[in-house]
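Heads up, the thing below is written out as structure tokens.
2 protein chains.
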Amino acid sequence: MTTKKIRGRGRPREFDVDKGLAIAQQLFHQRGFDGVGVAELSREMGITAPSLYSAFGNKCELFERVLAKYVEEKSGWLVSTLQEENSVDVAIATLFKRASEVYTADVNQPGCLVLDGARNCNDAKACELNAKFRQATWQLLCDRIAEEHAPKAPMLASYVMTILVGLSAAARDGVSESELQAIGEIAAAGLSVHIAQMG
Amino acid sequence: MTTKKIRGRGRPREFDVDKGLAIAQQLFHQRGFDGVGVAELSREMGITAPSLYSAFGNKCELFERVLAKYVEEKSGWLVSTLQEENSVDVAIATLFKRASEVYTADVNQPGCLVLDGARNCNDAKACELNAKFRQATWQLLCDRIAEEHAPKAPMLASYVMTILVGLSAAARDGVSESELQAIGEIAAAGLSVHIAQMG
DNA sequence: CTATTTTTATATCGAGTACTATACAAATAC
DNA sequence: GTATTTGTATAGTACTCGATATAAAAATAG
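Protein chains in written order, with the working numbering: chain A, 289 to 487; chain B, 289 to 487.
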């Protein structure tokens, strides 16, 4: 579905939009929405401010594009984990394990962009946008959990989100992968016990 | 130990430093270190910028004073909870329950200032400062846990911190107290199971 | 009283913010 | 070719940021 736009009429764009988005993604992930200015974004992307605004509208829309790209590229592990396992508690345990890996995979971009990219952010639109993406993740979890434990699915999804946020924040605070793994295992054990007690 | 400074020599200060700190605490708690400017701080405190700088040094030192005041006033529940219970797992369960209450007690200042006051913050000193206060909380947890489970105390303390950060973030995202309670109970169950398995 | 000390208010500082008006460059349409 | 469309570059908008220089105001010390 790559709409490559055969060729426009005027002067062709000289920079690669996708590479630009990748650079913006790195910066936003490292320091959050407020932490990166348009000046730095355009400098690192190798373009001037007018080119940036022409291509992406404004800083907030650029952030939205970055979030969409991030989810498209980096949330596969979450979706697939929810699909591949049989019981919810095992799936969530695997989820925490993989989150620990993903959140510490790149030392320059620890944690999750969706969970931490606009925390304590001043821009209302950026906050809302980020919340929308977090909500989508919650819905994904909720739907999967509801397949087995419908009545408590919303609360259990919130539990998983809370753990993921905690893991992401811990990763950003420098906690190692192995320690994150251990933390995730305990959190998963709690869920297993809770589900067993419901059964 | 209130060094009241009998009376200086020059013109006496016209504003109440402690009331000013309380106002700054509210603002920092609502929107984080970067979210509040010196202009707004001084306006809300009812003083001018030079008075603020004369009294507190700079924005970062003001933040430090606020954090110290916050811990002094609002961390009693944590310390007392760690002391009053017999077994660690029960104490931590109570801790999560009280955290759920405290983090949602004031709708205008959800979550914890220490855990979320300088997350994604641009000012390096403010970040470091905040990390120092978080570290102190971790040490408190670690010492208490080590009384019963010395070898795994650091990891278990990190687990508790991760849950608290998750609960604080959830509170800031609008999750209700009752839901936070439920989440905390599951997290506490995980810890109980883990401790039981250790023998 | 005068001299000293400290706090106050006014009015800014330079740097940084997101964003853009204008002019020029490079492509296509005809 | 000329006209049109679009991207780029320079330079700048108005605003906010944290922090201050200056001087007037209000207290004490002697």
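Cβ atoms here follow ideal geometry from the backbone N, Cα and C, with glycine treated the same way.
(request) Anything in chain B within Cβ reach of Ile474 (chain A), meaning under 7 Å, just list it in chain order. (result) Per Cβ cutoff of 7 Å: Tyr447, Gly478, Leu479 and His482.
(request) For the stretch 467-487 of chain A and the stretch 302-310 of chain B, state whether three or more C-beta atom pairs, one from each stretch, are separated by less than 8 Å. (result) no
(request) Jot down the residue ranges of each uninterrupted alpha helix (DSSP H) in the stretch 433-474 of chain B, minimum 4 residues, whole runs only, in chain order. (result) 441-460
(message) Counting only beta-carbon separations shorter than 8 Å, does Ala424 (chain A) have a partner in chain B?
(response) no
(message) In whole angstroms, give me the CA-to-CA distance for Ile474 (chain B) and Tyr447 (chain A).
(response) 8 Å
(request) Please confirm if Arg407 (chain B) has its CB atom under 8 Å from at least one CB of chain A. (result) Contact with chain A is found for Arg407 (chain B), since one of that chain's Cβ atoms lies less than 8 Å from the residue's Cβ.
(request) Determine the direct distance from the alpha carbon of Thr450 (chain B) to that of Leu370 (chain A), and round the result to whole angstroms. (result) 23 Å
(request) Measure the C-alpha to C-alpha separation of Leu468 (chain A) and Lys413 (chain A) and round it to an integer number of angstroms. (result) 32 Å
(request) Output, in chain order, the set of chain B residues within a Cβ distance shorter than 9 Å of Arg297 (chain A). (result) Ordered by position in chain B, no residue passes the 9 Å Cβ test against Arg297 (chain A), which lies about 42 Å from the chain.
(request) Check distances from the C-beta atoms of the stretch 310-337 of chain B to those of chain A and list, in chain order, the residues that come in under 9 Å. (result) Arg319, Gly320, Phe321, Asp322 and Gly323
(request) In angstroms with no decimal places, state the Cα-to-Cα distance between Asn396 (chain A) and Gly298 (chain B). (result) 52 Å
(request) Taking Phe321 (chain B) as part of the alpha helix (DSSP H), name the residues at either end of that continuous run. (result) It spans Val305 to Gly323 - the alpha helix (DSSP H) in which Phe321 (chain B) sits, taken as one unbroken run.
(message) Can you list, in chain order, the residues of its chain with a C-beta nearer than 6 Å to that of Asp322 (chain A)? Leave out the 5 residues immediately preceding and following it.
(response) Cys409 and Asn410
(message) Does the CB of Thr291 (chain B) have a neighbour CB from chain A at under 8 Å?
(response) A caution first: Thr291 (chain B) carries a pLDDT of 35, below 50, which makes its placement in the model unreliable, though a value can still be read off. No, its Cβ sits nowhere closer than 8 Å to a Cβ of chain A.
(message) Between the alpha carbons of Gln485 (chain A) and Gln427 (chain B), how many angstroms are there, rounded?
(response) Taking the straight line from one Cα to the other gives about 33 Å.
(request) Starting from the Cα of Glu349 (chain B), find the closest Cα among B:Gln318, B:Val326 and B:Thr382 and give me that residue. (result) Selected option, being the one with the closest Cα: B:Val326.
(request) Decide if Gln313 (chain A) is buried, meaning its Cβ has at least 16 other Cβ atoms within 10 Å, or exposed. (result) buried
(message) What would DSSP say about Ile335 (chain B), mapped onto helix, strand or coil?
(response) coil
(request) Look at Val378 (chain B) and Glu436 (chain B) and say whether their C-beta atoms are less than 8 Å apart. (result) For Val378 (chain B) and Glu436 (chain B), no; Cβs fall outside 8 Å.
(request) May I have the straight-line CA-CA distance separating Glu372 (chain A) from Thr425 (chain A), to the nearest angstrom? (result) 17 Å
(message) With distance defined between alpha-carbon atoms, name the residue in B:Ala457, B:Glu389, B:Val402 and B:Gly345 nearest to Glu360 (chain B).
(response) The option with the nearest alpha carbon to Glu360 (chain B) is B:Val402.
(request) Could you say which of B:Arg422, B:Pro442 and B:Ala343 lies nearest to Asp431 (chain B) if we only look at CA atoms? (result) B:Pro442
(request) Kindly say whether Ile471 (chain B), judged by its beta-carbon, lies nearer than 8 Å to any beta-carbon of chain A. (result) yes
(message) Given this structure, state the Cα-to-Cα distance separating Asn374 (chain B) from Ser330 (chain B), to the nearest angstrom.
(response) 46 Å
(request) In the DSSP assignment, find the alpha helix (DSSP H) that holds Asp394 (chain B) and state where it starts and stops. (result) Boundaries for Asp394 (chain B): no alpha helix (DSSP H) harbours it, and the DSSP string shows neither H nor E there.
(request) Starting from Ala356 (chain A), trace the alpha helix (DSSP H) both ways and give me its first and last residue. (result) Lys347 to Lys362
(message) What would DSSP say about Arg407 (chain A), mapped onto helix, strand or coil?
(response) coil
(request) Would you identify the three-state DSSP class for Asn418 (chain A), choosing helix, strand or coil? (result) helix
(message) Distance check for Ser342 (chain B) and Val324 (chain A), CA to CA, integer angstroms please.
(response) 31 Å
(request) Tell whether a beta-carbon distance below 8 Å holds between Leu455 (chain A) and Ser388 (chain A). (result) yes
(request) Give me the Cα-Cα distance between Glu352 (chain B) and Arg460 (chain B), rounded to the nearest whole angstrom. (result) Each residue's alpha carbon lies about 22 Å from the other.
(request) Answer with yes or no whether the minimum CB distance from Gly487 (chain B) to chain A is below 8 Å. (result) no
(message) Contact criterion: CB-CB distance below 8 Å. Does Glu467 (chain A) meet it with respect to chain B?
(response) yes
(request) Compute the distance between the beta-carbons of Ala470 (chain B) and Val453 (chain A), then report whether it is under 8 Å. (result) no
(request) Indicate whether at least one CB of chain A lies closer than 8 Å to the CB of Asn410 (chain B). (result) yes
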